[in-house]
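These protein sequences, in sequence, are chains B and H. This note's numbering numbers the first residue of the first sequence as 733 and each following residue consecutively. This note's numbering numbers the first residue of the second sequence as -15 and each following residue consecutively.
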Amino acid sequence: MQQAVFGKKGEASSPESLSRWVDLPGLCCQAAGGYPEWADDLTVAWFLFYVAADLMDKVQDEDPPDPWWQETGPGAALGAATGIYFSASLALNRLWVNPTTQAAANEIIQDFYNSFMVMTSGQYRGLIEPTPSLDQYWENAAAKSGSFFGLACRCAARLATADPERLSDYYLFGRHLGLLIQVRDDLDDIQPPDEEGAPGQKLEIARSLAVIYALAVLPPEDGDRLRNTLAAAPHDTQAAAEVIRLLNQSNAALYLMTEMERQRQTALNAIRRAAQPSPAREKLISYLLSI
Amino acid sequence: MTLAQVVYQMSNDAEFASELYSNPEAALAQRGLKISNEELAFLLTARHRVEQQKLDVVSLSDVGNSAWRS
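Here it is in structure tokens:
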């Protein structure tokens, strides 16, 4: 498992896929009573911070490089990430200049940097805890995916309202949306690799929620068997099948479905408290129901 | 963690899994397990979907429209 924020290539968490969420801040602003374009600078900053963090994450995790820095090496990726961080900061500073956003600019900028400190701590914990417990999984997911989406929703709504209860609900909506995306993202790690001729399982399955759950609940001897088969699964079809059998034996599908239900319902309740019925609110709800 | 333990117990104890529908408080108390009413509602809703659609960990990713991945 990798987290949905500082995440994977070509999946829900990649910059390409995150672009599907670029209207999230605008919709939150609109649902809170503003105009979606008020959130344009904030959206640019949010997206650029993500792109920079994603690059840093790939280097930290020693993932295969993207084609553009394959030859030049990770130094080029780090250099680009640094430049993108500053670009994101410049985009945030535009909140001061725009008459429609300047009143909330200080609060939003502070919120951005505080939230990114939380996400960075989650990233750090993920690196020093290669085999997280179930509780640690949820803490890390909340610190990264939850904070990232919660930040976008709260800050965008702040452009239209200063009501602390509503802002808290926008944050909750985004946080649980982010956690739901994370769980769905982890499900992709369980799918067989797309590459032709790849025999077993993806490496990421070892840190997926299904495996962390199974290791938490299985008796010690079954847990040991799961660990051993996981080690062989990337290269061995039989081991990969055994991993899936052990996950199903532990009822992992029901656990994941229950957690998805929890995240979806909690987010739904939050957005229904935060916003009056409107097309923007309905669009936000449709996001939840489509995951 | 308790929710996880309840889910795992359901896979090993058919009687417990059945009692969770008819008398959840007693079923949980008899085995020293405790989850909130909200968690129980999520669990029963999820169980209905998993059983109705015969889902396992691999087929679970096909549930929903998955617009964010398309």
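Backbone N, C-alpha and C fix where the C-beta goes; we use that ideal spot for every residue, glycine too.
Inter-residue spacing [alpha-carbon to alpha-carbon] between residue i and residue j
i	j	result
Ala884 (chain B)	Ala30 (chain H)	29 Å
Asn872 (chain B)	Tyr903 (chain B)	17 Å
Leu824 (chain B)	Ile840 (chain B)	9 Å
Ser879 (chain B)	Phe818 (chain B)	21 Å
Met788 (chain B)	Ala808 (chain B)	11 Å
Ser6 (chain H)	Leu12 (chain H)	12 Å
Gly955 (chain B)	Asn980 (chain B)	13 Å
Pro1009 (chain B)	Arg33 (chain H)	28 Å
Ala1 (chain H)	Tyr(-8) (chain H)	10 Å
Arg1013 (chain B)	Leu958 (chain B)	43 Å
Pro8 (chain H)	Glu936 (chain B)	36 Å
Leu909 (chain B)	Leu1020 (chain B)	7 Å
Gly739 (chain B)	Asn960 (chain B)	Note on Gly739 (chain B): pLDDT 45, under 50, position unreliable in the model; the coordinate value appears next. Roughly 26 Å between the two C-alpha positions.
Gly811 (chain B)	Ser45 (chain H)	36 Å
Leu827 (chain B)	Val776 (chain B)	11 Å
Asp968 (chain B)	Ala948 (chain B)	24 Å
Leu15 (chain H)	Glu991 (chain B)	Position check: residue 15 (chain H) holds Arg in this sequence, whereas Leu was assumed. About 22 Å.
Lys1015 (chain B)	Trp870 (chain B)	27 Å
Trp778 (chain B)	Leu759 (chain B)	14 Å
Gly766 (chain B)	Thr998 (chain B)	24 Å
Asn1001 (chain B)	Asn21 (chain H)	16 Å
Gln868 (chain B)	Pro831 (chain B)	42 Å
Glu743 (chain B)	Asp798 (chain B)	Because the pLDDT at Glu743 (chain B) is just 44, under 50, the model does not fix this residue reliably, and the point stays unresolved.
Ala785 (chain B)	Pro952 (chain B)	37 Å
Pro862 (chain B)	Tyr856 (chain B)	11 Å
Phe781 (chain B)	Ser853 (chain B)	15 Å
Gln734 (chain B)	Glu897 (chain B)	Because the pLDDT of Gln734 (chain B) is 38, which lies under 50, any placement of that residue in the model is unreliable, and the question is left without a value.
Distance CB(residue i)-CB(residue j) smaller than 8 Å
i	j	result
Ile1003 (chain B)	Phe905 (chain B)	yes
Tyr945 (chain B)	Leu859 (chain B)	no
Ala10 (chain H)	Glu(-1) (chain H)	no
Val850 (chain B)	Ala875 (chain B)	yes
Arg916 (chain B)	Ile816 (chain B)	no
Ala972 (chain B)	Ala963 (chain B)	no
Gln995 (chain B)	Leu912 (chain B)	yes
Val42 (chain H)	Leu17 (chain H)	no
Ser(-5) (chain H)	Ser982 (chain B)	yes
Cys1024 (chain B)	Leu756 (chain B)	The requested residue 1024 (chain B) does not occur in the structure, where chain B is confined to residues 733 to 1023.
Asp901 (chain B)	Ala763 (chain B)	no
Ser877 (chain B)	Gln923 (chain B)	no
Cys761 (chain B)	Trp770 (chain B)	yes
Pro806 (chain B)	Val783 (chain B)	no
Glu35 (chain H)	Leu(-13) (chain H)	no
Contact list for residue i against chain B, beta-carbon separation under 7 Å
i	result
Tyr5 (chain H)	Ordered by position in chain B, no residue passes the 7 Å Cβ test against Tyr5 (chain H), which lies about 14 Å from the chain.
Leu30 (chain H)	The sequence shown places Ala at residue 30 (chain H), not Leu. Neighbours of Ala30 (chain H) on chain B, chain order: Leu986, Met989, Thr990, Glu993.
Arg33 (chain H)	Met989
Under 8 Å from the C-beta of residue i: neighbouring residues of chain B
i	result
Leu39 (chain H)	Ala985, Met989
Ala(-2) (chain H)	In chain order: nothing, as chain B lies at least about 12 Å away.
Residue i CB to nearest heavy atom of the ligand SAH below 7 Å
i	result
Asn838 (chain B)	Within the structure as shown, the ligand SAH is missing, as the structure has no ligands at all.
Under 9 Å from the C-beta of residue i: neighbouring residues of chain H
i	result
Ser942 (chain B)	Reading the sequence as shown, one finds Ala at residue 942 (chain B) and not Ser. The answer, in chain order, is Val41, Leu44.
Gln997 (chain B)	Glu22, Ala25, Phe26, Thr29
Cross-chain neighbours of residue i in chain H, by beta carbon under 8 Å
i	result
Gln981 (chain B)	Ser(-5)
Val949 (chain B)	Ala(-12), Gln(-11), Val(-9), Tyr(-8)
Ile976 (chain B)	Asp40, Val41, Val42
Gln923 (chain B)	Val42, Ser45
Chain H residues whose Cβ lies nearer than 7 Å to that of residue i
i	result
Leu1016 (chain B)	Within 7 Å Cβ-Cβ: nothing; Leu1016 (chain B) doesn't reach chain H, min ~13 Å.
Tyr945 (chain B)	Ala(-12)
Evaluate the contact criterion for the region 876 to 883 of chain B versus the region 839 to 848 of chain B: three or more CB pairs, one atom per stretch, below 8 Å. yes
Pairs of beta-carbons, one from the region 819 to 839 of chain B and one from the region 886 to 893 of chain B, closer than 8 Å: are there three or more? The region 819 to 839 of chain B, when compared against the region 886 to 893 of chain B, does touch it at the 8 Å Cβ threshold.
Can we say the region 977 to 993 of chain B touches the region 27 to 47 of chain H, given the rule of at least three CB pairs closer than 8 Å? yes
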